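Student: Take a look at the following structure, please.
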Amino acid sequence: MKTDIHPDYQLVIFNDLASGEKVLTRTTTTSQKTMEWEDGNTYPVIDVEISAASHPFYTGKQRIMDTAGRVERFNARFKGFGGKK
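Read in order, the letters of the sequence shown are residues 1 to 85 in the UniProt record's numbering.
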């Protein structure tokens, strides 16, 4: 690799705000906010709104939409719209 062209690669804690899960990983991004990790060291923290720990696709807690009710409401609302003149 060429020297002095790559960004700094450092340990950072990603904090999932939805589930409260924290992950220590390496990244090029950083933060002013810090937190002490389980090993006793202090690392920068990046708060994320959603991660694999809280996303419905990965947790299997997807919400089922009431599509039949939505279609009926749509049809009732627009039943006379665009009729032949």
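Where a beta carbon is used, it is the ideal one built from N, C-alpha and C, also for glycine. Note that the structure is a prediction, hence the values are computed from the model and not measured.
Identify the continuous beta strand (DSSP E) that holds residue 47 and give its terminal residues.
Tutor: Here residue 47 refers to the residue found at position 47 of the sequence shown. First-last of the beta strand (DSSP E) with residue 47: 42-48.
Student: Taking the alpha-carbon positions, what's the residue 17 to residue 7 distance?
Tutor: For the purposes of this step, residue 17 is identified with residue 17 of the sequence shown, where counting begins at 1. For the purposes of this step, residue 7 is identified with residue 7 of the sequence shown, where counting begins at 1. Going from the Cα of residue 17 to the Cα of residue 7 covers about 27 Å.
Student: Where does residue 74 sit, in a helix, a strand or coil, going by DSSP?
Tutor: To locate residue 74, count along the sequence shown from 1; it is residue 74. Residue 74: helix per DSSP, three-state reduction.
Student: From residue 4 to residue 20, what distance separates their C-alpha atoms?
Tutor: Position 4 of the sequence shown, counted from the first residue, corresponds to residue 4. Position 20 of the sequence shown, counted from the first residue, corresponds to residue 20. Their backbone Cα atoms lie some 36 Å apart in a straight line.
Student: Alpha carbon to alpha carbon, how far is residue 26 from residue 9?
Tutor: Indexing the sequence shown from 1 puts residue 26 at position 26. Indexing the sequence shown from 1 puts residue 9 at position 9. Approximately 6 Å between the Cα atoms of the pair.
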